[in-house]
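No gaps in the numbering here: position 32 of the sequence shown is 31 in numbering that gives the first Met the number 0, and each next residue is one more.
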Amino acid sequence: MKPQFLIGGATSGSGKTVFALGLFRALRKRGIKVQPYKCGPDFMDVQLHSISSGSDSVNLDSWFASRTHLQYIYNKYGEKADICAIEGASALFDGYKRMQGSSAEMSQLLSVPVILVVNARSAAYSVAPMLYGYKYFRPQVKIAGVVFTQVSSPTHFSYLKDACNDAGLNSLGYIPYDEELKLPPRHTALTQTVRTELERIIEKVASYIEDNIDIERIMKMCMRIFPCEYTLPYTSDVEETGTGFDNRRKTLSIAVARDTAFNLVYRENIDRLSAIGNITYFSPLYGNDLPEADIVYLPGGFPELFARQLHRRKPFMRQLKEYAEKGGKIIAEGGGMVLLARSLNIREGGSDYEMSGVLPFSCTMKDSHLHTGYRSIEIGDTDIRGHEFRFLSLCNDDSSSRNDIRIFDVKNTRGTDADTHIYRYKNVIAGFTHWYWGEADVMQLWK
Numbered sequence: 000m001k002p003q004f005l006i007g008g009a010t011s012g013s014g015k016t017v018f019a020l021g022l023f024r025a026l027r028k029r030g031i032k033v034q035p036y037k038c039g040p041d042f043m044d045v046q047l048h049s050i051s052s053g054s055d056s057v058n059l060d061s062w063f064a065s066r067t068h069l070q071y072i073y074n075k076y077g078e079k080a081d082i083c084a085i086e087g088a089s090a091l092f093d094g095y096k097r098m099q100g101s102s103a104e105m106s107q108l109l110s111v112p113v114i115l116v117v118n119a120r121s122a123a124y125s126v127a128p129m130l131y132g133y134k135y136f137r138p139q140v141k142i143a144g145v146v147f148t149q150v151s152s153p154t155h156f157s158y159l160k161d162a163c164n165d166a167g168l169n170s171l172g173y174i175p176y177d178e179e180l181k182l183p184p185r186h187t188a189l190t191q192t193v194r195t196e197l198e199r200i201i202e203k204v205a206s207y208i209e210d211n212i213d214i215e216r217i218m219k220m221c222m223r224i225f226p227c228e229y230t231l232p233y234t235s236d237v238e239e240t241g242t243g244f245d246n247r248r249k250t251l252s253i254a255v256a257r258d259t260a261f262n263l264v265y266r267e268n269i270d271r272l273s274a275i276g277n278i279t280y281f282s283p284l285y286g287n288d289l290p291e292a293d294i295v296y297l298p299g300g301f302p303e304l305f306a307r308q309l310h311r312r313k314p315f316m317r318q319l320k321e322y323a324e325k326g327g328k329i330i331a332e333g334g335g336m337v338l339l340a341r342s343l344n345i346r347e348g349g350s351d352y353e354m355s356g357v358l359p360f361s362c363t364m365k366d367s368h369l370h371t372g373y374r375s376i377e378i379g380d381t382d383i384r385g386h387e388f389r390f391l392s393l394c395n396d397d398s399s400s401r402n403d404i405r406i407f408d409v410k411n412t413r414g415t416d417a418d419t420h421i422y423r424y425k426n427v428i429a430g431f432t433h434w435y436w437g438e439a440d441v442m443q444l445w446k
């Protein structure tokens, strides 16, 4: 038995991330080990969770993976924790198709109750019918209680407590309105300056939670049996091996880019790579040479924020191109693909910063707008799913005229073509989508 819960928002922008970060820090300061999870594909929140809790956060996404796999991941990472806490995505019932992929669905899948977070900035007792609807819309989604954010005063909170009582839900406390509790935007690299500001915000929220939220009550109300039970149909080899991979491949060496510019990677992807080889990390931004490796993994990030510094890494760019030309295996996703482009331009009239030139196109931030959504692709016998979140676009793309480059269409959740592609040049596989390999054998990409 241990406390387990999902922090869900009544609406997007409810303040659930701020509450989650403050609660994780408050628990950590009490010496309680929290295993944080993030429902959905978000990269920024898992990094914030890790800063606040001191433990690596893990993505749980039902678009990416089967029910059995998600339950296995939840149990695997939560085994040594005192508390398992999942931060939801968007509003509680919002999925890619009705409730499919929603936080509410994840709550049911893992049999954990919901702490509902409500932004009360512009409401008081009028939240009662909304809370009543959340309680009875899907009764199988158990709501343990409600936390209110942006509360103007204790008197304001008293009206909100009345609303909870009349809606039949527990009021667990509140976070006062404070205009300084603003997290960095999604398109931000976690530099030391940003981390310092985050620490200030997290500590402040933790203090508010200690003063205004009954943490002990939350833990008692959310006590549940652990591990969660597997939902049928169940595949036993998922839990027994954790991978299903051939362990004879453990002799592979895998180099993974990791620094301030490239750090958007799913935790389970690293575990999958660890199952087939020995991982070493390197920094395209600050390091020296490209390590010798059988596979080079260039995960996503924000290279556009470090264009000039990356441009100056000319020896590294030459080594990357030589590695690709000799048939070296490269997986590049999201911002990692920028390193393989001819150049990167970050503003109208700005410089074209030369990159490695492995692939015949350039990347640009000019006239940029957000491209986002779930993605899927079939390469050979391998079906891989992922998510895209980018402002970068391609320009001067000559790949379609090259016989040595294969271009694969990528689908969205509706099965139609998305405005993005996967490129295959020799043993280089690249695209803007961040892929999840939790149930896929990465080596199948090159067969």
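Every residue, glycine too, gets a C-beta built ideally from N, C-alpha and C.
If distances are taken between C-alpha atoms only, which option among the options comes closest to residue i?
i: residue 282; options: 62, 433, 256; result: 256
i: residue 437; options: 204, 269, 323; result: 269
i: residue 334; options: 219, 209, 405, 434; result: 434
i: residue 432; options: 177, 419, 340; result: 419
i: residue 79; options: 113, 93, 32; result: 32
i: residue 28; options: 122, 19, 205; result: 205
i: residue 423; options: 267, 413, 416, 399; result: 399
i: residue 20; options: 202, 134, 64; result: 202
i: residue 63; options: 387, 417, 393; result: 387
i: residue 13; options: 157, 267, 200, 176; result: 176
i: residue 124; options: 150, 391, 284; result: 150
i: residue 425; options: 216, 130, 329, 104; result: 329
i: residue 118; options: 156, 442, 349; result: 156
i: residue 367; options: 347, 377, 352, 379; result: 347
i: residue 34; options: 49, 178, 307, 41; result: 49
i: residue 159; options: 120, 191, 132; result: 120
i: residue 355; options: 311, 95, 266, 377; result: 311
i: residue 376; options: 9, 444, 365, 286; result: 444
Closer than 7 Å by C-beta to residue i: which residues in its own chain qualify, once you throw out the five before and the five after it? Chain order, please.
i: residue 213; result: 171, 172
i: residue 389; result: 333, 370, 431
i: residue 209; result: 25
i: residue 401; result: 359
i: residue 18; result: 6, 116, 146, 148, 174
i: residue 246; result: With a pLDDT of 48 at residue 246, under the threshold of 50, the modelled position of this residue cannot be trusted; read the value that follows with caution. Cβ neighbours of residue 246 beyond the five flanking positions: none.
i: residue 140; result: 103, 106, 107, 113
Name the two residues that bound the continuous alpha helix (DSSP H) containing residue i.
i: residue 132; result: 126-136
i: residue 212; result: First-last for residue 212: undefined, no H or E at that position.
i: residue 175; result: Unbroken run through residue 175 is the beta strand (DSSP E), 170-175; no alpha helix (DSSP H).
i: residue 310; result: 306-310
i: residue 275; result: 266-275
i: residue 17; result: 15-28
For the beta strand (DSSP E) containing residue i, name the first residue and the last one.
i: residue 433; result: 433-435
i: residue 387; result: 381-389
i: residue 419; result: 416-424
i: residue 399; result: Note, residue 399: premise wrong, no beta strand (DSSP E); not H, not E.
i: residue 2; result: 1-8
i: residue 32; result: Neither: residue 32 is in no beta strand (DSSP E) and is coded neither H nor E.
i: residue 405; result: 404-410
i: residue 294; result: 294-297
i: residue 375; result: 370-378
So what does residue i bridge to, in DSSP terms?
i: residue 352; result: 343
i: residue 256; result: 281
i: residue 363; result: 344, 392
i: residue 158; result: Bridge partners of residue 158: none, in fact.
i: residue 72; result: In the DSSP output, where bridge partners are listed per residue, residue 72 has none listed.
i: residue 448; result: A query on residue 448 cannot be resolved here, the shown segment of the chain reaching from 0 to 446 and no further.
i: residue 332; result: 430
i: residue 146; result: 116, 172
i: residue 84; result: 4, 35
i: residue 99; result: 96
i: residue 185; result: Bridge partners of residue 185: none, in fact.
i: residue 140; result: Partner(s): none; residue 140 has no beta bridge.
i: residue 222; result: 2
i: residue 193; result: Paired residues: none, contrary to the question.
In chain order, what residues of the same chain lie with their CB nearer than 6 Å to the CB of residue i, ignoring the 5 residues before and after it?
i: residue 241; result: Low confidence applies to residue 241: its pLDDT is 47, below 50, so where it sits in the model is not reliable enough to give any reading.
i: residue 36; result: 57, 59, 85
i: residue 408; result: 416
i: residue 74; result: 226
i: residue 361; result: 340, 341, 342, 394, 395
i: residue 89; result: 11
i: residue 39; result: 60, 88
Taking a contact to mean a Cβ-Cβ separation below 7 Å, would you say residue i touches residue j in this structure?
i: residue 188; j: residue 259; result: yes
i: residue 429; j: residue 336; result: yes
i: residue 298; j: residue 343; result: no
i: residue 207; j: residue 67; result: no
i: residue 167; j: residue 134; result: yes
i: residue 284; j: residue 318; result: no
Leaving out the 5 sequence neighbours to the left and right, which residues in its chain are closer than 8 Å to residue i when beta-carbon positions are compared?
i: residue 305; result: 188, 259, 260, 284
i: residue 223; result: 0, 1, 2, 3, 110, 111, 112
i: residue 239; result: Confidence at residue 239 is low in this model, with a pLDDT of 43, below 50, so the placement of that residue is unreliable and no value is reported for it.
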